[in-house]
Amino acid sequence: MSKNILVAKDITKSFGRLQVLNGVNLTLNRGDRYILFGSNGVGKTTLVKILATILPADSGELTLFGKKIGKRSKDVKAMIGFMSHEPYLYNELSAFENLNFYANLYSIKNKKERVENLLREVGLYHRSYDRVGSFSRGMKQRLSLARAILHNPDIIFLDEPYAGLDIRAQEILNDLILRLNENGKTFFLITHDIGISFEIANRIGIISKGQIVYEAEGVEKQVFSDKYREIIRREMS
Amino acid sequence: MVEFRNKQMINIYLILSLMIIASFRFAFSIIDFSLNRLASPILWISFFFAGMFSLSLTYKREIEQGTGEGLLLAPISLSSIYLGKLLANLLVISCLELFTLLIFFVFFPVDIPDLLTLLTLVFFGTIGIVALGNIISAISSNLAQSEVMLPVLLVPLLLFTVVMSVVSATSKVFAGAHLLDVINEIRFILAFDVVFIAAGYLLINYILED
């Protein structure tokens, strides 16, 4: 099996006259924990939504698991997990009911067992039958991660997953990501904040003005931080 | 389940129905007019406007809560999302219509019509309203002022198709007609139901993808 599980070539996207992505090229390998940094409004969320097949690109080519992505690639969707800063959860339903609903959409076998195991894994088993509307931001994010990995996807996209989380909740999230990565899951995470996310990265990149302008592996945090600041300064000017 | 748990929506629907029916009752209490002849339009005005409120939330709430993208991520066809929404709306609105019917019979001392025929008409008429309402709700949920856009787009389309036929047939039922007497109207309403469901099933891909 090929090592590359995602290949994006010259991806462009505009909304009206606003060009958001301007020829993005990216390759993800199996087992990557790729963190893409970028300031607000540079196209991070648009890019991750295109890669996760939620949003179609205007042009360019996206290949996931060796398959070129069309408008509705159902078979590939089952291999993708996506966690956004929006939790994609129904406030009126309990944690169990939410996961059970998504388990139905993904035709998961042994639903009850799978959902209960995941609730244990994210530390929410004791709140299984409480409505999600009563959960804190951190609890919703943990449940959202459970939703994203419910169908055992091979690649998991995370869009600003630390937004609104306290330090403890951020650490729990990082632990979960590292544990899942040890089991062979690939992660692609976007954020504007170097902080805690840098610790879990094995590949990093910077997006600026709709293009990935810098990529590195195993770079020192301070060196990367200086580079990031320099790119943001250039963006502003 | 989300609809039934959302008590705010159900309460607003019930209050709206009650207000519409009560307003008509007080308005017509000072006019010497046959209540049997008024029954059909009053009932369908209540169903229509209260139903529209429920329909306006169908896709809008998914967008506001972000769960719409959760559905787009799943390996299911967009047409099945449309059918799921259609069935959920049909169930919720039908339950609420039964309540409206009860209020109606409390406020209006009309001759009790053939209930089987009346309920058949209400059911098939509601399918048409919900089927078309779902498509328009999906289109308008992405537009600015979506609450206003839904009735603006939906009323003219429904008025000259399902609503006209169903109001006319319901009037006949309140005048003493039975199922076989309104069978032509039922066929007509059913034809629109099929056309609207087929249109929604086919068009929803283009509406939700973009």
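These protein sequences, in sequence, are chains A and B.
For the first sequence, the residue numbers in the numbering used here are 193 to 429.
For the second sequence, the residue numbers in the numbering used here are 191 to 400.
Ideal Cβ placement from N, Cα and C applies to all residues, glycine included.
Inset, instruction - Could you check the C-alpha separation between residue 261 of chain A and residue 248 of chain A for me, to the nearest Å? - result: Here residue 261 of chain A is taken as the residue at index 69 of the first sequence, counted from 1. Here residue 248 of chain A is taken as the residue at index 56 of the first sequence, counted from 1. If I take the Cα positions, the gap works out to 9 angstroms.
Legend entry - Cβ-based burial, residue 202 of chain A [other Cβ within 10 Å; buried from 16]: Stepping through the first sequence from its first residue, residue 202 of chain A is reached at position 10. Label assigned to residue 202 of chain A: exposed.
Inset, instruction - Mind listing the chain B neighbours of residue 267 of chain A? Cutoff is C-beta to C-beta under 8 angstroms, in chain order. - result: Your numbering for residue 267 of chain A matches position 75 in the first sequence. Chain B residues near residue 267 of chain A: 265.
Legend entry - Same chain, Cβ closer than 7 angstroms to residue 345 of chain A, neighbours up to 5 away in sequence not counted: Taking the first sequence and counting its residues from 1, the one referred to as residue 345 of chain A is at position 153. The residues are 271, 272 and 273.
Inset, instruction - Would you please verify whether the beta carbon of residue 270 of chain A is less than 7 angstroms from any beta carbon of chain B? - result: Here residue 270 of chain A corresponds to residue number 78 of the first sequence, with the count starting at 1. Yes, contact with chain B.
Inset, instruction - Give the C-beta separation of residue 323 of chain A and residue 285 of chain A to the nearest angstrom, bearing in mind that I take them to be a contact with Cβ-Cβ under 8 angstroms. - result: Residue mapping note: residue 323 of chain A aligns to position 131 of the first sequence, counting from 1. Residue mapping note: residue 285 of chain A aligns to position 93 of the first sequence, counting from 1. Their Cβ separation, rounded to whole angstroms, is 7 angstroms, which keeps residue 323 of chain A and residue 285 of chain A in contact under 8 angstroms.
Inset, instruction - Return the Cβ separation of residue 206 of chain A and residue 250 of chain A in integer angstroms, given the expectation that the two are a contact with Cβ distance under 8 angstroms. - result: Numbered from 1 along the first sequence, position 14 holds the residue referred to as residue 206 of chain A. Numbered from 1 along the first sequence, position 58 holds the residue referred to as residue 250 of chain A. About 6 angstroms; that satisfies the 8 angstroms criterion.
Inset, instruction - Compute the distance between the beta-carbons of residue 297 of chain A and residue 271 of chain B, then report whether it is under 7 angstroms. - result: Position 105 of the first sequence holds residue 297 of chain A. Position 81 of the second sequence holds residue 271 of chain B. It is not a contact, given that the beta carbons lie outside the stated cut-off.
Inset, instruction - Check whether the Cβ atoms of residue 352 of chain B and residue 362 of chain B lie closer than 7 angstroms to each other. - result: For the purposes of this step, residue 352 of chain B is taken as the residue at position 162 of the second sequence. For the purposes of this step, residue 362 of chain B is taken as the residue at position 172 of the second sequence. It is not a contact, given that the beta carbons lie outside the stated cut-off.
Legend entry - Continuous alpha helix (DSSP H) stretch holding residue 422 of chain A: start and end: As a first step, residue 422 of chain A is located in the first sequence; it is residue number 230 there, counting from the start. Run containing residue 422 of chain A: 413-428, per the alpha helix (DSSP H) assignment.
Legend entry - Unbroken beta strand (DSSP E) run spanning residue 200 of chain A, endpoints: Indexing the first sequence from 1 puts residue 200 of chain A at position 8. Taken as a continuous stretch (DSSP letters only), the beta strand (DSSP E) holding residue 200 of chain A covers 196-207.
Legend entry - Rounded Cβ spacing between residue 256 of chain B and residue 276 of chain A (contact assumed at less than 8 angstroms): Position 66 of the second sequence, counted from the first residue, corresponds to residue 256 of chain B. Position 84 of the first sequence, counted from the first residue, corresponds to residue 276 of chain A. At roughly 7 angstroms, the Cβ-Cβ gap stays under 8 angstroms, so residue 256 of chain B and residue 276 of chain A are in contact.
Legend entry - Under 7 angstroms between C-beta atoms of residue 200 of chain A and residue 254 of chain A: Residue numbering aside, residue 200 of chain A sits at position 8 when the first sequence is read from its first letter. Residue numbering aside, residue 254 of chain A sits at position 62 when the first sequence is read from its first letter. Cβ atoms of residue 200 of chain A and residue 254 of chain A: closer than 7 angstroms.
Inset, instruction - Could you tell me whether the Cβ atoms of residue 340 of chain B and residue 246 of chain B are closer together than 7 angstroms? - result: Taking the first residue of the second sequence as 1, we reach residue 340 of chain B at position 150. Taking the first residue of the second sequence as 1, we reach residue 246 of chain B at position 56. A contact, by the Cβ cut-off of 7 angstroms.
Inset, instruction - Kindly indicate if chain B contains any beta-carbon less than 7 angstroms away from that of residue 337 of chain A. - result: Here residue 337 of chain A is taken as the residue at index 145 of the first sequence, counted from 1. Answer no: the Cβ-Cβ gap between residue 337 of chain A and chain B never drops below 7 angstroms.
Legend entry - Spatial distance of residue 351 of chain A from residue 197 of chain A (CA atoms): Against the first sequence, residue 351 of chain A aligns to sequence position 159. Against the first sequence, residue 197 of chain A aligns to sequence position 5. Distance between the alpha carbons of residue 351 of chain A and residue 197 of chain A: 19 angstroms.
Legend entry - Reference residue 379 of chain A, options A/387, A/393, A/388 and A/325, closest by Cα: Here residue 379 of chain A refers to the residue found at position 187 when the first sequence is read from its first residue. Cα-wise, what sits closest to residue 379 of chain A is A/393.
Legend entry - Cβ neighbour criterion (16 or more within 10 Å) applied to residue 253 of chain B: Here residue 253 of chain B refers to the residue found at position 63 of the second sequence. Flag for residue 253 of chain B reads exposed.
Inset, instruction - Using 10 angstroms around the beta-carbon of residue 356 of chain B, count the other beta-carbons present and answer buried if the total reaches 16, otherwise exposed. - result: In the second sequence, the residue the question calls residue 356 of chain B occupies position 166. With 16 or more Cβ atoms within 10 Å of its Cβ, residue 356 of chain B is classed as buried.
Legend entry - Candidates B/228, B/295, B/349 and B/221, of which the one nearest residue 315 of chain B by Cα: As a working note, residue 315 of chain B is residue 125 in the second sequence. Residue B/349 is the option with its Cα nearest to residue 315 of chain B.
Legend entry - Short CB-CB distance (under 7 angstroms) between residue 278 of chain A and chain B: Residue 278 of chain A sits at position 86 when you count from the first residue of the first sequence. Chain B, which has a Cβ nearer than 7 angstroms to the Cβ of residue 278 of chain A, makes this yes.
Inset, instruction - Output the distance between the C-alpha atoms of residue 301 of chain B and residue 208 of chain A, rounded to the nearest integer angstrom. - result: Position 111 of the second sequence holds residue 301 of chain B. Position 16 of the first sequence holds residue 208 of chain A. The straight-line gap from Cα to Cα measures roughly 59 angstroms.
Legend entry - Alpha-carbon to alpha-carbon, residue 398 of chain A and residue 405 of chain A: Walking along the first sequence from the start, residue 405 of chain A turns up at place 213. Walking along the first sequence from the start, residue 398 of chain A turns up at place 206. C-alpha separation (whole angstroms): 6 angstroms.
Legend entry - Beta-bridge partners of residue 275 of chain A, as assigned by DSSP: Translated into the one-based positions of the first sequence, residue 275 of chain A becomes position 83. BP columns for residue 275 of chain A point to A/350.
Legend entry - Within-7 angstroms CB hit, residue 354 of chain A to chain B: Indexing the first sequence from 1 puts residue 354 of chain A at position 162. It does not; no Cβ of chain B falls within 7 angstroms.
Legend entry - Contacting positions in the region 293-315 of chain A - beta carbon closer than 9 angstroms to chain B: 293, 294, 297, 298 and 299
Inset, instruction - With a threshold of 16 other CB atoms inside 10 Å of the CB of residue 279 of chain B, please say whether the residue is buried or exposed. - result: The sequence position of residue 279 of chain B within the second sequence is 89, counting from 1. Residue 279 of chain B comes out buried.
Inset, instruction - May I ask which residues mark the beginning and end of the beta strand (DSSP E) holding residue 253 of chain A? - result: Here residue 253 of chain A refers to the residue found at position 61 of the first sequence. Here the beta strand (DSSP E) through residue 253 of chain A covers 251-256.
Inset, instruction - Leaving aside the five residues before and after residue 195 of chain A along the sequence, list all residues of the same chain whose C-beta is less than 7 angstroms from its C-beta, in chain order. - result: Position 3 of the first sequence, counted from the first residue, corresponds to residue 195 of chain A. Answer for residue 195 of chain A: 221 and 222, listed in chain order.
Inset, instruction - Could you have a look at residue 389 of chain A and say whether DSSP puts it in helix, strand or coil? - result: Along the first sequence, one-based indexing puts residue 389 of chain A at 197. Three-state DSSP puts residue 389 of chain A in a helix.
Legend entry - Three-state class that DSSP yields for residue 287 of chain A in the structure shown: Position 95 of the first sequence, counting from 1, holds the residue named residue 287 of chain A. Residue 287 of chain A: helix per DSSP, three-state reduction.
Legend entry - Where residue 353 of chain B falls: helix, strand or coil (DSSP): Within the second sequence, residue 353 of chain B is the residue found at index 163, counting from 1. Three-state result, residue 353 of chain B: helix.
Inset, instruction - Give the residues from the region 239-271 of chain B that approach chain A closer than 8 angstroms (Cβ to any Cβ), ordered along the chain. - result: 255, 256, 257, 259, 260, 261, 262, 263, 264, 265, 266, 267 and 268
Legend entry - Selection from A/213, A/245, A/219 and A/246 that minimises the alpha carbon distance to residue 230 of chain A: Position 38 of the first sequence, counted from the first residue, corresponds to residue 230 of chain A. For residue 230 of chain A, the nearest C-alpha among the options comes from A/213.
Inset, instruction - Please name the residue or residues paired with residue 219 of chain A in a DSSP beta bridge. - result: Residue mapping note: residue 219 of chain A aligns to position 27 of the first sequence, counting from 1. For residue 219 of chain A, which the question treats as bridged, DSSP gives the partners A/199.
Legend entry - Closest Cα partner of residue 215 of chain A within the set A/361, A/407 and A/239: Translated into the one-based positions of the first sequence, residue 215 of chain A becomes position 23. Of the candidates A/361, A/407 and A/239, the one whose C-alpha sits nearest the C-alpha of residue 215 of chain A is A/239.
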